[in-house]
Amino acid sequence: MSKKPRQLVLNAFFQRFGHHPAGWLHPSSTDNGRPNLDWYIRAAKLAEEAKFHAFFLADFIGQSGEITANTGKSPNNYQFEPFTLQSVIASQTKHIGLVVTLNTNFNYPYNVARLFTSLDHISGGRAAWNVVAQWPEHTAENFGINQNRPPHPERYVRAEEFLNVTKALWDTWDDDAFDHPDRAARQFYNSASAHPLDYRGKYYSAKGLLDFPRPIQGYPVIVQAGNSEEGREFAAKIAELQYCSAQSLDIAKAYYTDVKRRLAKYGREEDDLRLTPGLSVVVAETDQEAQDRFAELQQRVDVSNVHFGGFDLSGYDVDGPLPDLPYQESENGKGRFRQQLELARRENLSIRELVLRFRVSRGHLQAIGSPKTVADIIEQWFVERGADGFNIVPPLLPSGFEDFTRLVVPELQRRGIYHKEYEGATLREVLGLKRPANPNTGVPKGASAHRAVPSVAAEEAELLRAASA
Ligand SMILES: Cc1cc2nc3c(=O)[nH]c(=O)nc-3n(C[C@H](O)[C@H](O)[C@H](O)COP(=O)(O)O)c2cc1C
């Protein structure tokens with residue numbers, strides 16, 4: 002059987018008003034600033050009409066109470082809570098995947114397991130989880146848990162255990178556990194299909210059964226974003242879709258090769274993980290028109306209060322170089338921080354140039370031009386394996402996304418690199434990802450394959466026994 006030609010994966014990554022910091026100042030932004038449900042529904046429907054694989058909702062949970070010169074200057078954190086919103090979008094769409102961002106540090110596996118399996122069933126198998134493990138101080142304070150802040154590498158270890166426990170909870174029911182209620186025998190389900198969990202880990206534990214059937218997809222599609230060494234390894238181990246950022250094709254190719262190379266170690270194949278860097282697009286009928294549109298946004302950028310690596314740069318000349326200060330790598334975005342510093346040093350950028358180059362696109366690839374110009378860039382990155390697809394991050398919304406779907410999508414389809422129809426019912430099927438089998442299938446009544454996971458309590462007991470022997 003001939004293999005289907007490789008196809009681009011497209012995600013819609015929407016930030017209200019667009020990703021450009023001045024998007025909300027554009028004359029086309031006229032709403033009063035409160036999140037608007039109709040707007041999101043329209044956006045998701047538009048993405049579905051353009052056959053986008055997934056509608057991605059980021060979530061930078063929490064808000065600091067500190068009032069600084071920058072307080073109130075950005076609209077980006079004021080969005081709907083993603084589960085609530087994706088549940089509504091699920092009911093208004095039929096095919097598009099629904100990616101919810103959920104931070105493992107401010108939740109319990111049991112709660113997360115039931116939220117995702119509910120969304121997966123509500124949407125007919127379209128749920129995906131963007132697993133994030135940041136530990137912003139203000140968020141921890143919001144939750145009242147700011148003791149024992151785990152260092153950066155440990156957050157990924159914690160997140161992995163969180164994910165393992167969550168998967169084990171999804172597996173507590175056979176896939177067909179609730180498909181055959183026997184009314185005559187008054188037996189709602191066969192007790193042999195229940196595999197209660199007793200998992201005691203280092204950071205998380207869970208005992209009992211999940212109170213909802215296994216997700217339609219087995220597990221929701223697992224998404225991850227992070228550029229650091231630990232982030233790449235985590236992606237290779239657990240992710241099926243990865244959001245990343247790269248400013249040039251060389252950087253993207255090196256990243257792609259590096260992350261894909263790590264998969265074999267975990268018994269995974271190249272296609273088990275799709276890499277979709279961000280793409281900030283401004284498209285218009287002609288290159289000049291697109292450049293003019295972008296310039297209109299750029300002229301609204303405020304460079305008066307720039308902070309970088311823990312330093313307030315407002316006392317420095319914005320047209321001078323990034324001063325030589327002992328910048329601190331952010332624990333919550335190591336990769337991004339390095340990318341900015343390296344770019345500024347490599348190209349000797351002034352503070353203003355760094356803001357206008359990196360921050361306006363958040364370090365994502367920029368494509369500004371006619372449909373041909375934009376499609377050429379997409380095709381080159383795809384064909385030369387800098388990307389399996391893109392996370393489209395329009396600087397200006399909704400018009401920037403409407404332009405993309407109207408002008409670029411048909412061009413990609415004409416070139417045969419982007420699908421014209423959804424093939425498959427679930428997000429996994431549409432992405433061509435395997436459905437994870439339930440390791441508890443065939444496991445005897447009342448038992449769980451996940452019990453084999455060595456618990457830290459057991460390891461500790463073993464150590465104590467050895468010490469007292
Ligand atoms: C496209 C993209 C989207 C992201 N979305 C979120 C998000 O919604 N919430 C969040 O807490 N972090 C988000 N992140 C941050 C990552 O989860 C991660 O913390 C960050 O990339 C730093 O990882 P690193 O230190 O491994 O490089 C996002 C990152 C990227 C590249």
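Its first residue numbered 2, the sequence shown is counted upward by one per residue in the working numbering.
No residue lacks a Cβ here, since even glycine has one placed at the ideal position from N, Cα and C.
Give the straight-line distance between the Cα atoms of residue i and residue j, rounded to the nearest whole angstrom.
i	j	result
Gln248	Leu210	46 angstroms
Arg187	Ser92	33 angstroms
Glu234	Leu26	39 angstroms
Val457	Asn12	At Val457, the pLDDT of 48 sits below 50, so the modelled position is not reliable and the matter cannot be decided from this model.
Val89	Gly417	33 angstroms
Phe15	Leu413	21 angstroms
Arg217	Ser124	Before going further, note that residue 217 is Ile rather than Arg in the sequence given. Distance between the alpha carbons of Ile217 and Ser124 is about 9 angstroms.
Ala237	Ser30	39 angstroms
Arg415	Glu271	26 angstroms
Glu380	Leu164	34 angstroms
Tyr43	His96	A small fix is needed here, since residue 43 is Arg in this sequence, not Tyr. Each residue's alpha carbon lies about 15 angstroms from the other.
Asn78	Pro182	45 angstroms
Gly202	Gln299	50 angstroms
Ile378	Glu231	29 angstroms
Asp177	Arg215	9 angstroms
Ala265	Asn33	50 angstroms
Lys254	Ile239	21 angstroms
Arg347	Leu398	32 angstroms
Gln8	Gly24	31 angstroms
Asn392	Pro76	21 angstroms
Gly145	Glu82	19 angstroms
Glu330	Pro152	13 angstroms
Leu314	Gly279	27 angstroms
Ser351	Leu357	10 angstroms
CB residue i to CB residue j, shorter than 8 angstroms?
i	j	result
Arg269	Leu432	no
Phe107	Thr72	no
Leu323	Leu355	yes
Ala129	Leu170	no
Val158	Val224	no
Ala438	Val444	no
His20	Pro395	yes
Arg360	Pro22	yes
Val113	Thr167	yes
Ala134	Arg150	no
Val222	Leu242	yes
Phe402	Leu103	no
Gly336	Asn228	yes
Ala51	Thr406	yes
Ala1	Thr94	Since the first residue of the chain shown is 2 and the last is 470, residue 1 is not available in this structure.
Asn441	Asp180	no
For residue i, which residues of its own chain have a beta-carbon under 7 angstroms away from its beta-carbon, when the five flanking residues on both sides are left out?
i	result
Ala193	Lys446
Val375	Val282, Val284, Ala368 and Val409
Gln87	Leu58, Leu99, Val101 and Leu120
Ala345	Leu323 and Leu355
Pro110	Phe163, Val166, Thr167, Leu170, Tyr205 and Ala207
Phe213	Arg115, Thr118 and Ser119
Pro80	The residue you asked about is not Pro; residue 80 is Gln in the sequence shown. Closer than 7 angstroms at Cβ, skipping near neighbours: Arg17 and Pro36.
What did DSSP end up calling residue i once you bin it into helix, strand or coil?
i	result
Ala9	A quick correction: the sequence has Leu, not Ala, at residue 9. Reduced to three states, the DSSP call for Leu9 is coil.
Ala365	Before going on, a small fix: residue 365 reads as His here, not Ala. Of the three classes helix, strand and coil, the one that applies to His365 here is coil, per DSSP.
Gln1	Beyond the ends of the chain as shown, which are 2 and 470, falls residue 1; an answer cannot be given.
Ser192	helix
Val457	In this predicted model, Val457 has a pLDDT of only 48, less than 50, meaning its place in the structure is not dependable; the value taken from the coordinates is given anyway. If DSSP states are grouped into helix, strand and coil, Val457 belongs with the helices.
Lys208	strand
Leu280	strand
Ile393	strand
His153	helix
Tyr317	coil
Tyr111	helix
Gly336	helix
His420	coil
Val133	strand
Ile217	coil
Gly227	coil
Considering only residues of the same chain and omitting the five flanking positions on each side of residue i, which have a CB-CB separation below 8 angstroms?
i	result
Pro455	Low confidence applies to Pro455: its pLDDT is 49, below 50, so where it sits in the model is not reliable enough to give any reading.
Glu297	His27
Excluding the 5 residues flanking residue i on each side, which residues of the same chain have their C-beta closer than 6 angstroms to its C-beta?
i	result
Phe84	Val101 and Leu116
Ser371	Thr287 and Asp288
Ser65	His139
Ala226	Tyr244
Arg127	Gly98, Leu99 and Leu428
Phe189	Pro182
Pro411	none
Can we count residue i as close to ligand 2, meaning its CB is less than 7 angstroms from some heavy atom?
i	result
Asn228	The ligand content of the structure shown is limited to ligand 1, which means ligand 2 is not among them.
Meets three-Cβ-pair contact criterion under 8 angstroms: the region 381–389 and the region 243–258 = yes
Answer yes if the region 427–441 comes into contact with the region 298–314, meaning at least three C-beta pairs across the two stretches below 8 angstroms, and no otherwise.
-> no
Are three or more beta carbon pairs between the region 312–323 and the region 248–264 nearer than 8 angstroms?
-> no
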